[in-house]
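K.L.:
Residue numbers (the numbering used here): 2 to 108. Here it is, the structure, as structure tokens.
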């Protein structure tokens, strides 16, 4: 799965989407995604697999289980961990969907 594929899926939600952050505050709700970690695996001095951790962060001004379920459904072909917190000073809920994607590198 590429970054373009992640964005394509998230755009189906019809909410603002960006990598890492927005330069200007978007309308709520919105999503940002990051790839905070990549690992390469292989043998014989060649990398054959690339594993990337993906974080999709959903920000809402109220607990929106319907939207959360839509995001989970968009990525139901992966194993997802979900973390939730409330950002007091911004009065926003943050729900982080974390999953791993593995690609062949062609080594």
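We treat Cβ as the ideally placed atom computed from N, Cα and C, and that holds for glycine. This structure is a prediction, so every number in the text was calculated from the model and none was measured.
#1: Helix, strand or coil for residue 16 per DSSP?
#2: Is DSSP giving residue 38 helix, strand or coil here?
#3: Look at residue 72 and residue 59 and say whether their C-beta atoms are less than 8 angstroms apart.
#4: Give me the residue from 57, 87 and 77 with the minimum Cα distance to residue 37.
#5: To the nearest angstrom, how far is it from the Cα of residue 8 to the Cα of residue 35?
P.N.:
Looking at the atomic coordinates:
#1: For residue 16, the secondary structure class from DSSP, reduced to helix, strand or coil, is coil.
#2: Assigned with DSSP and collapsed to three states, residue 38 falls in strand.
#3: Their beta carbons are under 8 angstroms apart, which means residue 72 touches residue 59 by this criterion.
#4: Measuring from the Cα of residue 37, the nearest candidate turns out to be 57.
#5: Cα atoms of residue 8 and residue 35: separation of roughly 11 angstroms, rounded to the nearest angstrom.
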